[in-house]
Amino acid sequence: MAGFSCSAADLHPLLGTAANAIAAAEYICNGFDTVSNKLVAATYAIDNTYLLFSAYLVFSMPLGFAMLCAGSVRAKNTMNIMLTNVLDAATGSLFYYLFGFALAFGSPSNGFVGRHFFGLEKYPSPSGDYSFFLYQWSFAIAAAGITSGSIAERTQFVAYLIYSSFLTGLVYPIVSHWFWSTDGWASPVREGHLLFGSGVIDFAGSGVVHMVGGIAGLWGALVEGPRMGRFDGDGKPVSLRGHSGTLVVLGTFLLWFGWYGFNPGSFLSILKTYEHTNYSSYYGQWSAIGRTAVTTTIAGSSAALTTLFGKRLLTGHWNVTDVCNGLLGGFAAITGGCSVVDPWAAIICGFIAAWVLIGCNKLAEMLRYDDPLEAAQLHGGCGAWGIIFTALFAK
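Under full-length UniProt numbering, read the sequence shown as residues 1 to 395, first letter to last.
In structure tokens:
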């Protein structure tokens, strides 16, 4: 919110030129300046509080991933998968602090990588505060959490630790710089030379977070190979069901809850007014944030219902795990365009995301690819659809 200024000269025509009138004008203007400064400070505080609260919501997502992973693997592997999720957050904190944030948002930078703020040196800066760092860190560990499900039940602990640290400290930050920094080569907010004339709109990370995490999980699972017993001697898939549907549902709802910080929080501030036009139905960023939460909800719900009935037609039975994965696939798809599409378009997004997930799972079985949580299919496949969807339906 911009401040306003006042000088005694502004009030002279109203109060005259007498000495007491000049003193009164200066007194009134000083009062206006004080109020203006307090309004600016209050706006800054509210925006930072909003961003911190959004970061706290996103931080519930690692817990959701942990519960989802724990319920989707066999009981004997539960403690191992829980440990990997805890260490995603712990190691991710250090590596993102030391290297990741600088590579992603270090300013000044070039189109491919940031070059400043290593270890948060000389930060905060005019470009951001600690709340911005915390919010971006929560995204980084969310991307890392996706990979743990893809390679569950067959990964050496130390190898996974190195893999997760490399993803959080190097791979994810560089990709996020490309799309989200003001200098990134694919960023829609860079000055001049926009890719295809517009840049790539990926508002909250269908590509940056979900595709990166999904593809990282895909490569990990390909290197590891399928779990023992996942396919029989003829190459036919054998079901290795997780031990707790309850944990799967709990994890899904925790992720759903966290998504309300993930998508609406990506506005980064809330107290911003918009100039009302015939083409805009809302008058401030708070209204756009509300619509983003609505499109997120509708896309996930549409995908869940489509998966429910689609899998029923294909398999002849209902499956809560399939519905949960379909719901999350809808969320992953809408994440890129949640702020720039209408609610009716979110229904289409979720509907197609469900079939993308079903199709990717069929392809995975044909290729003897083993992903216990369908993470590569869900986040990678649905995330890719989210980028395409945004290009088609953004307004």
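All residues carry an ideal CB built from backbone N, CA and C; glycine is no exception. Because the structure is a prediction, the values reported are computed rather than measured.
Where residue i sits in the DSSP three-state scheme
i	result
S109	strand
G284	strand
S125	strand
M1	Note that M1 has pLDDT 47, beneath the 50 cutoff, so the model's placement of it is unreliable and no number is given.
G100	helix
A204	coil
P62	helix
L314	helix
E153	coil
V341	coil
T246	helix
residue 403	The structure shown has nothing for residue 403, since the chain only spans 1 to 395.
S54	helix
G192	coil
Y279	A caution first: Y279 carries a pLDDT of 49, below 50, which makes its placement in the model too unreliable to give a value.
W185	coil
A75	helix
K38	helix
T84	helix
K395	coil
N319	coil
G326	helix
N263	coil
S198	coil
P226	coil
T335	coil
Buried/exposed call for residue i, threshold 16 Cβ in 10 Å
i	result
S206	buried
K311	buried
M228	exposed
M211	buried
I162	exposed
L103	buried
Y279	At Y279, the pLDDT of 49 sits below 50, so the modelled position is not reliable and the matter cannot be decided from this model.
Y160	buried
G197	exposed
L68	buried
Y135	buried
M61	buried
G192	exposed
L357	buried
S239	exposed
For residue i: DSSP bridge partner residues
i	result
P237	F231
T273	G284
G114	S109
Residue j beta carbon less than 7 Å from that of residue i
i	j	result
G64	L255	yes
M82	A70	yes
F133	F101	yes
A376	G217	yes
I215	G380	yes
T390	I201	yes
H243	A75	yes
T182	G92	no
C338	T296	yes
A293	V340	no
E365	P237	yes
P372	V73	yes
F262	A333	no
S176	D88	no
8 Å CB neighbourhood of residue i in its chain, flanking five on each side removed
i	result
I270	I46, D47, Y50, Q285, W286, I289
L327	T252, W256, G300, S301, A303, A304, T307
I347	I298, A299, S302
N110	D183
F351	S302, A303, T306
Y260	L57, A293, T296
V189	T182, G199
Residues near residue i in its chain [Cβ-Cβ closer than 6 Å; skip 5 each side]
i	result
G106	G114, R115, H116, F117
L195	A186
Y172	A140, A143, V212
L52	S131
N325	E374, L378
G265	S54
G245	V320
L98	G119
Nonlocal neighbours in the same chain, by C-beta distance under 7 Å from residue i, ignoring five residues either side
i	result
R368	P226, F231, G235
W180	S187, V208
S138	A55, V58, F59
L250	M67
V323	A304, T307, L308
E224	I151, R154, T155
T78	A70
A221	S150, I151, Y369, D370, D371, A376
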